[in-house]
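Numbers given in the numbering used here equal positions in the sequence shown, counted from 1, plus 859.
C-beta: ideal position from N, C-alpha, C; glycine also.
It should be emphasised that the depicted structure is a prediction, and the values quoted were computed from it without experimental measurement.
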Amino acid sequence: MATSAVPAAIDALVALLRADAGLNHARILDGPPAQNFTERDRVYIGWSPGSDAAAEMQQSFASAGARQRDEEASISCYIESHRGDTLVRNRRVCVFEMFAVIEAALRATNEEPTKPTLGNAVLWCEVAAGSLTQTQTDSGALAGLAFTVNFRARI
């Protein structure tokens, strides 16, 4: 019996985004960076700069008898884009294009009504709060978007 849906939800989110053709140009990373990458566009699942938490969760009893629990959690995520030029607008546009792909991958449609379940790892998930950063570095403009994916699961 699983004590949390967090590990399965992170695994499913990473797999879903790695399989999405709209993110083929980006590197999808499970957790924090371990090295400097040559890829100019990256999506981190379970990591966001300045945050030590990969995910936060809360659980409560689902019903009388304490046989099942409901879990609500937030997975930290981060999108980053840089190209070596000084055009911040282009980096911001790229970050939000990747964000749109991610949001669409998690949104239910008539053809795919179960998309928000992450392959049945959770009851539902959604893209929640986000925070855009923009900066000029020695290697050019950089834009980053920290955001969370919230979910609810029955364990």
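{"query": "Between the alpha carbons of T976 and I938, how many angstroms are there, rounded?", "result": "22 Å"}
{"query": "Helix, strand or coil for G999 per DSSP?", "result": "strand"}
{"query": "Name the DSSP beta bridge partners of G989, please?", "result": "F1006"}
{"query": "Drop a sphere of 10 angstroms on the beta-carbon of L1001, count the other beta-carbons inside from all chains shown, and report buried for 16 or more, exposed for fewer.", "result": "buried"}
{"query": "Pull up the DSSP beta-bridge partners for D929, would you.", "result": "S919, R1013"}
{"query": "Pick out whichever of M916, G890, D900 has its Cα sitting closest to the Cα of W906.", "result": "G890"}
{"query": "Just to confirm the assignment, what range does the alpha helix (DSSP H) spanning D870 have?", "result": "865 to 877"}
{"query": "On the premise that L1004 lies in contact with V952, defined as a C-beta separation below 8 Å, what is that separation, rounded to the nearest angstrom?", "result": "Not confirmed; about 12 Å, so no contact."}
{"query": "With which residues is H941 paired in a DSSP beta bridge?", "result": "L1001"}
{"query": "Take R886 and list the residues in its own chain whose beta-carbon comes closer than 8 Å to its own, dropping the five residues that flank it on each side.", "result": "F896, E898, D900, R901, V902"}
{"query": "What is the rounded straight-line gap between the Cα of T862 and the Cα of L965?", "result": "24 Å"}
{"query": "If we ignore side chains and look at the alpha-carbon of each, how far apart do I1014 and R877 end up?", "result": "26 Å"}
{"query": "State the Cα-Cα distance for the pair V982 and A967, rounded to the nearest angstrom.", "result": "The sequence given here places Leu at residue 982; Val does not occur at that position. Rounded to the nearest angstrom, the two C-alpha atoms are 12 Å apart."}
{"query": "Run through DSSP, which three-state label would A914 get?", "result": "strand"}
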